[in-house]
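Okay, structure first, notes after.
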Amino acid sequence: MFKVVDPYKASYGVDDPEFAVTQLAQTTMRSEVGKISLDTVFKEREQLNVNIVYAINKAAEPWGLVCMRYEIRNMTMPARVQEAMQV
Numbered sequence: 001m002f003k004v005v006d007p008y009k010a011s012y013g014v015d016d017p018e019f020a021v022t023q024l025a026q027t028t029m030r031s032e033v034g035k036i037s038l039d040t041v042f043k044e045r046e047q048l049n050v051n052i053v054y055a056i057n058k059a060a061e062p063w064g065l066v067c068m069r070y071e072i073r074n075m076t077m078p079a080r081v082q083e084a085m086q087v
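Residue numbers (UniProt numbering): 1 to 87.
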């Protein structure tokens, strides 16, 4: 969920603000998840969400956008990872 705080920047700083924020959120989430262990991802999901919002806001400021909230709701692992965890 994001909000436009500077209409000028949002209009001229990026072609499609919604698409840009969505892509930024996905990239940021992957980056943040990649920094921590799988156990930590499941245990500290709320802190992970906070870190992602901070990173998004830092990157989206030149676009005049602010991320109000980001929530990882459901996480699924590839089958190979699930198999490896059951060994």
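Cβ coordinates follow ideal geometry from the N, Cα and C atoms, glycine included.
Quick caveat, the model's predicted, so the values are computed rather than measured.
In the structure shown, the three-state DSSP call for Lys-3 is strand.
Under the criterion of beta carbons closer than 8 angstroms, Phe-19 and Val-66 do not qualify as touching, at roughly 17 angstroms. Gly-64 is the residue among Thr-28, Gly-64 and Ala-25 whose C-alpha sits nearest the C-alpha of Val-14. For Val-33, no pairing in a beta bridge is given by DSSP. Listed in chain order, the non-local C-beta contacts of Val-5 below 8 angstroms within the same chain comprise Gly-64, Leu-65 and Val-66, local neighbours out to five positions each way being set aside. In the three-state DSSP reduction, Val-66 falls in the strand class (E or B).
In this structure, DSSP gives Arg-73 a state outside helix and strand, which the three-state scheme calls coil.
Looking at the backbone, the Cα of Glu-44 and that of Val-21 are separated by about 23 angstroms.
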